[in-house]
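Student:
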Amino acid sequence: MIKKVIKIAKLIGNTPVLKLDDEFIDLYAKLEFKNFSGSIKDRAVNNIIHNAIFEQKIDMNTTIVESSSGNFAISLALHCKFLNLKFIAVVDPNINEISLKTLQLLATEVIMIKDIDETGGYLLNRIAKVKEVLKQTQNSFWTNQYENENNYKSYRLLANEIIRDFEELDYLFVPVSSCGTIVGLSTYLKSNFKDLKIIGVDVEGSMIFSDKKKRRNLSGLGSSKKSHFRINELIDDFIILNQNEISDGCTELLNQHALFGGASSGACYKGAQKYLKNNDTGSIFPKAMILIPDSGVSYIDNIYNKEWVEKFCKIDEMNFENN
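Residues in the sequence shown are numbered consecutively from 10, following this note's numbering.
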């Protein structure tokens with residue numbers, strides 16, 4: 010199985026960097042949707058599976074189980090399909106319709122969690138279901154993207170690509186969820202870029218940087234619990250956006266740069282614009298990079314749907330401001 014995992018690994022990484030025209034920022038975008046399954050999550054999934062097989066935690070009869078809002082599960086499903094492994098995905102109603110249909114095609118089973126947990130999200134109940142499935146399923150393995158150190162360690166290669174392509178970098182904007190990406194990049198980049206500031210980008214209602222509970226309708230960004238990883242020790246700052254700002258970021262990326270990115274991509278773009286405008290950067294023309302973790306294909310029915318945006322982003326934001 011290791012040889013098959015390595016075959017997939019050859020289709021992951023070395024993603025292109027696009028220079029974005031901007032009046033005030035020397036801005037670059039790392040196009041992570043060019044990976045094997047179409048997202049940055051391929052890096053973590055491949056590394057986790059590779060190490061689990063090497064450590065004999067996975068064999069040909071193992072059932073893989075994971076809680077995911079979409080991209081991590083889709084990557085796992087494709088890996089498991091190639092390795093002839095069973096895969097059970099635990100998802101929630103915030104998953105994009107296209108992502109859900111993809112998982113229903115690729116995964117062995119998809120379990121939908123419909124009950125909201127005490128934080129206003131679904132993550133805690135999804136994890137509880139994963140633990141239940143593990144008890145009921147012999148020879149099962151939880152990839153556990155939220156706590157598995159092979160998640161953040163996988164981003165050494167992404168860090169190496171950035172080091173290879175840039176002699177200097179002032180800012181890196183990274184969307185947060187499991188926080189594996191931002192912790193890995195912070196761990197491996199800081200020693201090479203002495204002035205680099207790594208900024209986490211989150212959504213209102215997420216519990217990663219805030220204790221303010223709020224219903225979230227977007228998948229792939231934010232979390233219903235604090236990160237297990239040492240995120241606050243490793244990053245320099247963070248910015249929290251509302252859903253309407255994220256929607257605007259996606260639209261601007263598409264209309265101004267022909268970049269068709271998902272919600273976290275729009276969040277990174279809008280976060281960089283807002284943060285660098287409102288903070289003293291110490292530079293007239295700071296060099297910054299944003300991540301484009303996935304494409305906008307799975308978001309056609311929500312973030313790129315005007316009716317959905319009016320219902321869940323704009324109206325929701327007006328209600329929030331009035332309270």
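All residues carry an ideal CB built from backbone N, CA and C; glycine is no exception.
Quick caveat: nothing in here was measured; it's all calculated off a predicted structure.
Quick one: what's Lys39 bridged to in DSSP?
Tutor: Val26 and Leu300
Student: On the criterion of 16 or more Cβ atoms from any shown chain inside 10 Å, does Gly58 qualify as buried, or is it exposed?
Tutor: A small correction: the amino acid at residue 58 is Ile; Gly does not occupy that position in the sequence shown. Answer is buried; the Cβ neighbour count reaches 16.
Student: Under three-state DSSP, which class holds Gly79?
Tutor: coil
Student: Out of Val183, Leu205 and Tyr197, which has the shortest C-alpha to C-alpha gap to Val212?
Tutor: Val183
Student: Out of Ser187, Gln147 and Asn105, point me to the one whose CA is closest to Gly271's CA.
Tutor: Asn105
Student: On the DSSP bridge assignment, give the partners of Leu250 in chain order.
Tutor: Val212
Student: Run through DSSP, which three-state label would Val185 get?
Tutor: coil
Student: Can you tell me whether Ile11 is buried or exposed, with buried defined as 16 or more other CB within 10 angstroms of its CB?
Tutor: In summary, Ile11 is exposed, with fewer than 16 beta-carbon neighbours lying within 10 Å of its beta-carbon over all protein chains present.
Student: In the DSSP assignment, find the unbroken alpha helix (DSSP H) run with Ala98 in it and report its ends.
Tutor: Per DSSP, Ala98 belongs to no alpha helix (DSSP H); it is in the beta strand (DSSP E), Lys95 to Val100.
Student: Three-state secondary structure (DSSP) at Thr128?
Tutor: coil
Student: What number of angstroms, rounded off, separates the C-alpha of Ser232 from the C-alpha of Glu64?
Tutor: 29 Å
Student: Quick one: give me the first and last residue of the beta strand (DSSP E) that Ile120 is part of.
Tutor: Glu118 to Met121
Student: Name the two residues that bound the continuous alpha helix (DSSP H) containing Phe63.
Tutor: Boundaries of the alpha helix (DSSP H) around Phe63: Lys50 to Phe63.
Student: Measure from the alpha carbon of Met69 to the alpha carbon of each residue in Ile15, Asn148 and Asn44, then state which is nearest.
Tutor: Asn148
Student: Are at least three pairs of beta-carbons, each pair with one atom in the stretch 119-137 and one in the stretch 84-103, less than 8 Å apart?
Tutor: Yes: at least three Cβ pairs fall under 8 Å.
Student: Give every residue of the same chain whose Cβ lies closer than 6 Å to the Cβ of Leu20, excluding the five residues on either side of it in the sequence, and list them in chain order.
Tutor: Phe45
Student: Quick check: the Cα distance between Glu261 and Gly275, rounded to an integer number of angstroms?
Tutor: 8 Å
Student: Which residue marks the beginning of the beta strand (DSSP E) containing Ser228, and which one marks its end?
Tutor: First-last for Ser228: undefined, no H or E at that position.
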